[in-house]
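Just below is one structure, and these are the notes that go with it.
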Amino acid sequence: MGAYLEQSLGLQNSLVFILSAVVLLAIVLGFVTYSIYFQRKVLGWMQLRIGPNRVGPFGLLQTVADVLKLLLKEDIIPKAADKPLFIIAPVIAFVPAFGVLAVMPFTDKLHFADVGVGLLYYIALSGITVLGVITGGWASNNKWALIGAMRSAAQMISYEIPLVMSVVGVILMTGSLNLIDIVEKQKEMGMWFFIPQFLGFIIFIIAQLAELSRTPFDLTEAESELISGYHVEYSGFRWAFFMLTEYVYIFAMASLTTVLFLGGWLPPFEFLSFIPGIIWFALKFVAIVFFIFWLQATFPRMRVDQLMQMGWKVLLPLSLVNILVTAVLKTVL
Amino acid sequence: MSVPITSYLLVALILFCIGLYGALTKRNAVVILLSIELMLNAVNINLVAFAKYGMFPNISGQIFSLFTITVAAAEAAVGLAILISLYRNRNTVRVDEMDLMKR
Amino acid sequence: MANYFLIILTFSPLLGVLLLAFVPRSLPGTVKALGILATLVPLVLALMLYANFNSAAEGLQLVQQWNWINIPVGDQAIPINFEVGVDGLSMPLLVLTTVIATISAFAALTVNKRWKEFYILFLIVEMGMLGVFTSTNLFQFFIFFEFTIIPMFFMMGIWGYKDREKASMKFLLYNGVGSAIMLIVFVALFILMGTLNIEEIKQLLTSPMSPRNVPDMPGFIPEGLRLGLFLALLVAFAIKIPIVPFHTWMLKAYQEAHPAVIMISSGVLIKIGGYALIRMNAAFFPEWMNQLSTLIAVLGVINILYGAVLALVQDELKLMLAYSSVSHMGIVLLGLAAMNAEGFQGAIFQMVSHGLIAALMFYMVALIHERTGTSNIRELGGLAKSMPIISGILLTAMMASAGLPGMSGFISEFMSFVGLFGTKPIIAAIGALGIILTAVYLLRATLGATFGPIQQKHESLSDAQAIEVVPMVVLLSLVILIGIYPAVLSEPLQTTLQNIVPRIGG
Amino acid sequence: MNGASKWGNLAQYDWTVMSPEFTILGVATLLSLLDLVMNKNSDRRILAWIGFIGILIAGYFVVQNTGQNVVSILNDMYRLDGFANAFKLIFLAGVAFVFLISINYVDEKKNVKYSGEYYYLMLMALLGAMMMASSADLITLFVGLELLSIASYILVGTRKNHIQSNESAFKYVISGGIASAVTLYGMSFIYGLTGSTNLYVMAERLSSVFQGGFDFLVYLSFFLMLVGLAFKISAVPYHMWAPDVYQGSPTPITAFLSVVSKAAGFAIILRIFLIIFGNLVNFDMTNGQQSSVLVDTLGLYIAIVAGASMIIGNTLAMRQVNIKRMMAYSGIAQAGYLLVPFATLTVLMFEQTIFYLVAYLLANMGAFAIIMLVNRDRQTEDVKSFAGLYHRAPWMAIAMTFFLLSLAGLPISAGFFGKFYIFMSTIVHSSYWLAGIMLATSVVSYFYYFGVIRQMYMRPGQTEAPLKVPFTVAAVVLVALAGTIAVGIMPDPVLQYIHHNFPLQQMFQASGQ
Amino acid sequence: MATLYANNYFLVVIFLSLGVLLPVVALTFGRLLRPSNPTEEKRKTYESGVDPVGSSWVQFNVKYYIFALLFVIFDVETVFLYPWAVAYDSLGLFALVEMLIFITLLIIGLIYAWKKKVLEWN
C-alpha cells in the first residue's frame, strides 16, 4: 500500500485505492454480520442458552437472513417527521463510522491512508456521529426518540472528553499523532502502551464503551424505558443503518484500542514474530470484541445520573491526572 | 492535484458573506450565533489556506486558527448561556422581540 | 506687592468665595453682607490700580508672567505662560468691572433664594471678568472667558423668572459657539506663531521684519488665512457683543434672568466683545480691519437702527433695555469702524458709559419689579407719585442713555460719530438717525412708567431706601463725572491706543 | 547554557516583566477558589478588597516597570514598552475605581447575585486588556481582545433575573461576535500577505507587498480591521450596540465598558495600525514622490470615522431620556474625539491620547459612581432622577457638575485640556473641517450635559431627603473630582509625565534599547 | 511528498464517498424490493399505542444545554493539549510548567462546575 501511495495519482493506483476500500467495506460488512451472530452466541453461552441455530449450519446464516428481511421490509416515514432530516440522519451517522477506518493501520504494510494526524482525524470524525443521532431523534418528531437522542448525545459528548484526553498520554509518549508511528514506538520501547499508560488504557476502555453505547452504558437503547431510543420511528433498512453504524464503530474502536494500547500487529514476544502481524492484530481485535460482548452479559445497566457523574467526576479528573503524571514522569525519567 | 489559493479564499469569502448576511438579517438568536460561527470559520479557512499557499507559507496561520477556534467556542458557549437565561426570562429567542430598551 | 498686584486683583474675589463657603446657609444676613463686602475688595484694589496707573507710559504695565504649561514637541517644549498686564485699554474696564460688580451685589439683595450660592457664583464671574481684562495671553483669556460663561449659566438658570432655564441654555449655547470659534482661532494662532502672548503675536503679525509677513519665508501667513482668522474672530465676538443676527440669546436672557445678573452681563460681559475686537482684531489684522471697516460700520448701523426700532415697540421694560443695548453696542462698532483715534476712544467711552448706564437702569428695573411685581409698561404708570426718587433717577438715567450733553453717553456717542464722519460720512449720517430714535423710545418707556395714572395697587408702594439709593447715586455720579470730565478716561487711553493699534491714524 | 537546554528556550526570557499580569491572573484564580470554598451566605465583599489589593500590587509592578528599556519576550508576543505601561496604568486605575463602586452595588442581593464571579471576571477582563496593551503579535492581541470581550459579555449579563440585562448581554455577544469575526477576517488577509503574525515582521514585508500590486488587499484588511475594532471603542460604523448595552448592564459595568474596555480598544487600534501600516509608503509615479499611506490616505478615513462618531454620538445623545443611554452616546462622541490624534498623527499623538484618556477616565468614573447612587436611590435611570440632587447631596452635585464639564471639555477641568491638546493636532494637521466638527459637536454636547446639570440645580426633586453616600463611592468621587480639577488647573505634570515616562518611539524599538 | 499527502487524502475521500454511497445504493435497491403501502395509521407517530399528543418539538431540559456547553469548553481545550503533547520533547521543562498551569486552570474550571452543582443530573 505504501508503494502505491508514493506514486502520483494515476488510473492504476486510483483503481487500487477504490478496490481496496470496497474490499474493506465488504470485510467490515461481513464483520458486522458475524459479530452480531457472535454476540448472540456469546450471550447465549454465558446465559446457558444456545443462541441462533436454525438458519444454516450452527445458525450461521441467521444474521444474513435478518439483513434480507430488513431489506424487504416496508419503509415507513411518519407523517409528522421532518422528512429531509429523517432521510439524511442515518447517512450522517454512518459516514464517519466508515470514514474513520481510512486511517486505521492493520499491519505496517496493510494500511490505507497514512495520515500524519491519524489519531486526530479519527477523533474528529467520530465526533460527527452524534449529529446523526440527534438529527434522527429530532426529525422523528417522537417524544421517546427525542429523549433518547438527547440522552444519547449527552452521554456521547460527556464521554468524548475523557476519551480524547486519555489518549494524550499516548501522544506524549510517542510524540506523533500518526497511528503507524504509535505502533512503531511501542515496538521501539518493547512495551505495549497499556502498561505505562495503564490509567489511560482503563479510562479509554470505559469511555469507549460509553461511546459505543454498550452495556453498562446502553441507556440510549434502554428497551424497557425508551422502547429503543432515538431510532424508534425508523424501520427497514434505515434502521439497519443505525445498527450498522453501531457495529462498524465496534470494529473501529476495537482496532483503535489495539493500535493505541495493545501494540497493533506486534507480537507479544520477539520470538513469536514469525507469525504474521495481521494474525496478531486479529487476535487482539477479537479479544476486545469478545470483551465488549462479555460485559453485556455481566454488568447491569447504569442509572443516567450515575453515568453522567462517572464521566465528569471520575473519568475527566483522572484523565487530567493521567496527562500530568505522564508528562512529569516523562521528564523525570 | 493542487488547488489554487484563490478558490480557498473564494470559499471563505462566500462563507463569510453568508455568515454576515445571516447575522444581520436572521431573527432567530440561535441562527445568528451560528452565522457568527460561520464567519469565524471563514476566517479559519483563510488562515489555513494562507498558511499553506500564502506568500510566505508557515505554520503561524494554523496556530492562529487554533486560537480562533477556541475563542469562537468560548464565545458561542457564553452566547448560548446568555441566550438560555434570556429565554428563561422572556420565553423567546426571536431577536426582533428583544426591544425592551429602544427609546 | 507691586509685582503681584494684578494677580491679587484678579483673584481677589476668590477671598469672598472662600469665606462664603464657610458661612452656614442658615444665616442669609451674613451671607448677603459678606457677599457685598467681598466685592469691595476688588473695587478698592482696582481704584488703587487707577491711582497708580502711569498714563504716559506706553504698552503694558505691571507685567508679570509665570510658566504654566509646556507642550513637549520633540526635545524642546513650547511654553504657554500665565501672564498678566494692564494698559490704558483694560484699566478702565477693570475699574468698570469692579464698580458694576459692587452695584450688582447690592441689586442682588432682591434675590429671593439660595443667597450663598448666588454670591459664590457671582464672585467667580467677577474673577472671570477681571481675568479676561488682565490677561495678556490668548489662552488665559479664553479660560477666564469661560469662567464668566459657566457661572452665568447657573445664575441665569437658577435665579430668574419663569422661562429662565431656556434662557440660560440659549445663553450657554450661543456663547459656547462663540468661544468655540474663538478657540479655533487661538489655537491656529498658537500653531502659526508658536506663542500665545498677545503682544508677541501682534509684533509677529504686523512688524514688516517678521517672517510671517515676508512671502516665501517659512511661516509666512497668506492674506487669505489672515482674512479667515479675522472673520472667525469677528463672528466669535459678534455673538458676545452681540451684533444683530446673533443677538437673540440676549433678548431671552434679559427677559428671564434676575436683574442683578443682567447688570453684570450688560454692564461688563458684553463689553468683552468690544474689548477683544480692539485687542485682537484691530491689533492683529489692522489691514483687514481697515478694509472691512465699512462692513463693520454697516453692521453697527444695522445694530443701532434695528435695536432702536424694536425698542420702540416693546412694552416690557427689560426687553426694551435689551434692544437698547443692541442699539448702543452698535455705536461701539461705529467707533471701531472709524479706524482713527477719535473713533476708538468713542468706542471705549461708549463701552464704559453703556456699562454704567445699563447697570443703573437694570438696577432701577429690579427695584421696580421687586415692588410692583412687573416690569411691563402697560401695567406700570404713575410711579412718580408713589416713588419719586426711583422715578427721578430712572428719568436721569434715561437721559444719560439718550446721550444728553453733560453725561457720559453724549461724550461717547459724539466721539464715535466724529470719528466716523471723518472716514465714512454717509454711514455716520444714517447711524445718527438712530440717536433720535433712542431718545424717542427711552422717553416713551420712562414716561409711560413714571407718569400718567397710577394703578390702585401701586399707590401704597414705598420708595427706595437709603441703602438702595447709594448704588444709584454712585453710578449716576460716575456717569456725570465722565460726562463733564472725560479726561479720567481719555488720558490713559491716548498713549495706549497708539500702541495697541498700529495702523491707527491721528 | 546547560540549564537552558534542560528548561528549554522559554526559560531564558525575563519573565519578571510580566509580573503585573501574573499578579492579576493569580489574584483572579485565588478569588475564584475562595469564592468556591466560602460559605454560601457569607459576605463576599472581602473578595472585592482582595481584588482591589491585587490591582494595587499590579499597579506597583507597572510603575516599577515604567521608564525601563524595551523588553520583548516570546518573540514580541509580549512587549514591555512605554505604550504598554501607559495603557496598563489606565486600565488598572479604571478597574480599581470600578471595584470601589461595585462594592456597594454588588452587595445588594437583588442586583447581582454571584458577587465572587463578578469580581474575578472583571479581573480576567482586565488581564485581557493588559495583554492587548502589551503585545505585538496578532495572536496574543486577539486572545487578549477576546478575553476582555468574553468576560465583559458575562459581566453585562450578571443580573441574571433582570430582563434588560440579559437582553443587552445578548446583544453585546452578537455584536461582539460579528465584530471579532470582521476583525479576524481583516487580520487573516494581512497575515496571508506577510506570512507572519508578528507585527514588526508584517510591517517589514508589507511595503513590498503593497507596492507589488496587493494594495487593494491591504486596504481591504485595513477597513475590515477598522470596522471590527471600532466595536470596542464604540466608534461610528460599529456603535449601535453601545446604548442598549450600556443601559442594560449594571452601572459599574457600564463604567467599566465605557472606560477600560474603550481604552483597551484604543490600545489595540494604535498598536496594530501604527506598527503595521506605519511605514507603508505610496509611490507617486508621476513626480517620484513618496507619501505615507497611513498619514495621507488612511488618516483621512480615520478622520471620517472620528467626525462621524462625534456628530452621531452628540446629536443622538440629545434625544435620550435615560441617563445611561445618554452616557453611551456621549461615549460614542468621546471615541470620536479620541480618534482625532490618531487621524492627524502629529508628534504629540500619543501624549494627547493618553492625556485625554486620563481625563476621560476620571470624569466618567466619577460620573458613573454618582449615576449609580442616584439611580439606585430613585429606582429609575431617567435623567429626571437627578432633579434636585443639589439639595439632597450638594457635594455630589458639584462633583457631577465638574465631571460633566470635563466631558464637555470646558475649563477648569481635565477634559478641557484633553480636548485642547487634541484640538491643536487638528490645526497642526490643517484639518480645519475636523476641528470645526470637533468644536461644533462640543457645543452640541453642552445641550445634554447641561441638561443634567439643569436637573440637579434648577428642578425640584421628588424628595429632599439627603442622599446616603457610601464610603467607597465617596472615595471614588473624591479622587476623581480632585484629579479632574487638579489636572484641569495644572495639566503640565501629567503631560510631562506621559512624555518622559511613556515614550511612544519605544513602540518601534527592538528589545533592550 | 506532495503526492503522498494528496494520495492519503484521496483515500480518505474514497472512504467517505463509499460511506455515502452504501446507504444510497442499499436504499435505492431496497426500494425496488420492498412493498410500499402507507396508510394513515402506519404513518402516525408512535406513542405507546395511543394517538400522539402535541408536537414533540418542545422546550427541553436546560440540563442538556449546560452539558453541551461544558463539552464545548473542555473539548476545545484539548486543541491545545494535542500540539503540546506532540511537541513535548522539543519544548523542554518550561513547557511542562506552562501546561501544568493550563491544566490546573482546567481543573479549577471543573471544580467550579462541580461546586456549582452543574455536574449533577436532575
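Residue numbers (our numbering), protein chains in the order written: chain A, 914 to 1246; chain B, 360 to 462; chain C, 113 to 618; chain D, 46 to 558; chain E, 4 to 125. Quick reminder that beta carbons are idealized off the backbone N, C-alpha and C, glycines included.
query                                                                                                                 : result
8 Å Cβ shell around Y542 (chain D) - same chain, five flanking residues per side excluded                             : none
Listed by chain order, chain C residues near M285 (chain D) by CB distance under 8 Å                                  : Here the premise fails: no neighbours, minimum Cβ distance about 28 Å.
G618 (chain C), buried or exposed, once every other Cβ within 10 Å from all chains shown has been counted against 16  : The pLDDT assigned to G618 (chain C) is 43, lower than 50, so where the model puts this residue is not dependable; a value taken from the coordinates is nonetheless given after this. Exposed, by the Cβ-count rule.
R124 (chain D) - partner residues in DSSP beta bridges                                                                : D:S117
Where A433 (chain B) meets chain E, residues with beta-carbon distance less than 9 Å                                  : V75, I76, V79
Helix, strand or coil at N224 (chain C) [DSSP, three-state]                                                           : coil
Alpha helix (DSSP H) segment containing L383 (chain B), residue limits                                                : 364-384
Listed by chain order, chain C residues near H544 (chain D) by CB distance under 8 Å                                  : P184
Any chain D beta carbon closer than 9 Å to N387 (chain B)                                                             : no
Outcome for S366 (chain B) when other beta-carbon atoms lying within 10 angstroms are tallied against a minimum of 16 : exposed
Which of helix, strand or coil DSSP assigns to Y490 (chain C)                                                         : Note on identity: in this sequence residue 490 (chain C) is Arg, with Tyr being the wrong assignment. Note: R490 (chain C) maps to helix in three-state DSSP.
Residue range of the alpha helix (DSSP H) that includes L411 (chain C)                                                : 405-424
Option nearest A170 (chain D) by Cα separation, candidates D:V201, D:A404, D:I148                                     : D:V201
Proximal residues to Y477 (chain D) (C-beta, below 8 Å), its chain only, five neighbours per side dropped             : T471
7 Å Cβ cut-off: residues of chain D touching Y115 (chain E)                                                           : S77, L81
Range covered by the alpha helix (DSSP H) that runs through G1012 (chain A)                                           : 996-1012
Chain D within 9 Å of S378 (chain C), Cβ atoms only                                                                   : no
Closer than 7 Å at the beta carbon, the chain E residues around I428 (chain B)                                        : V79, V82
Reduced DSSP secondary structure (H/G/I, E/B, other) of N1235 (chain A)                                               : helix
Partners in chain B for V65 (chain E), counting only beta-carbon separations shorter than 7 Å                         : I443
Reference W227 (chain C), options C:L601, C:V135, C:I460, C:S498, closest by Cα                                       : C:V135
Per-residue burial, W1178 (chain A) [other beta carbons within 10 Å of its own, 16 or more giving buried]             : buried
Cβ neighbour criterion (16 or more within 10 Å) applied to A163 (chain C)                                             : exposed
9 Å Cβ cutoff met for V477 (chain C) and P371 (chain C)                                                               : yes
Beta-carbon gap between S439 (chain C) and L411 (chain C) smaller than 9 Å                                            : no
For Q315 (chain C), the nearest candidate out of C:L235, C:F254, C:G171, C:F165 (CA to CA)                            : C:G171
Closer than 7 Å at the beta carbon, the chain B residues around N120 (chain D)                                        : Ordered by position in chain B, no residue passes the 7 Å Cβ test against N120 (chain D), which lies about 10 Å from the chain.
Chain A within 9 Å of V27 (chain E), Cβ atoms only                                                                    : yes
Chain B within 9 Å of F311 (chain D), Cβ atoms only                                                                   : no
Rounded straight-line distance, which links the Cα of Y150 (chain D) to that of N130 (chain D)                        : 30 Å
Span separating the alpha-carbon of Q173 (chain C) from that of D199 (chain C)                                        : 6 Å
Spatially closest choice to S487 (chain C) from C:F298, C:T222, C:A561, by CA coordinates                             : C:A561
Terminal residues of the alpha helix (DSSP H) in which P184 (chain C) lies                                            : Premise fails: P184 (chain C) lies in the beta strand (DSSP E), 173-185, not in any alpha helix (DSSP H).
Inter-residue Cα distance where the pair is M362 (chain C) and A300 (chain D)                                         : 39 Å
Q507 (chain D) versus K429 (chain D): straight-line alpha-carbon distance, rounded                                    : 10 Å
Chain B residues whose Cβ lies nearer than 7 Å to that of G222 (chain D)                                              : I395, E434, G438
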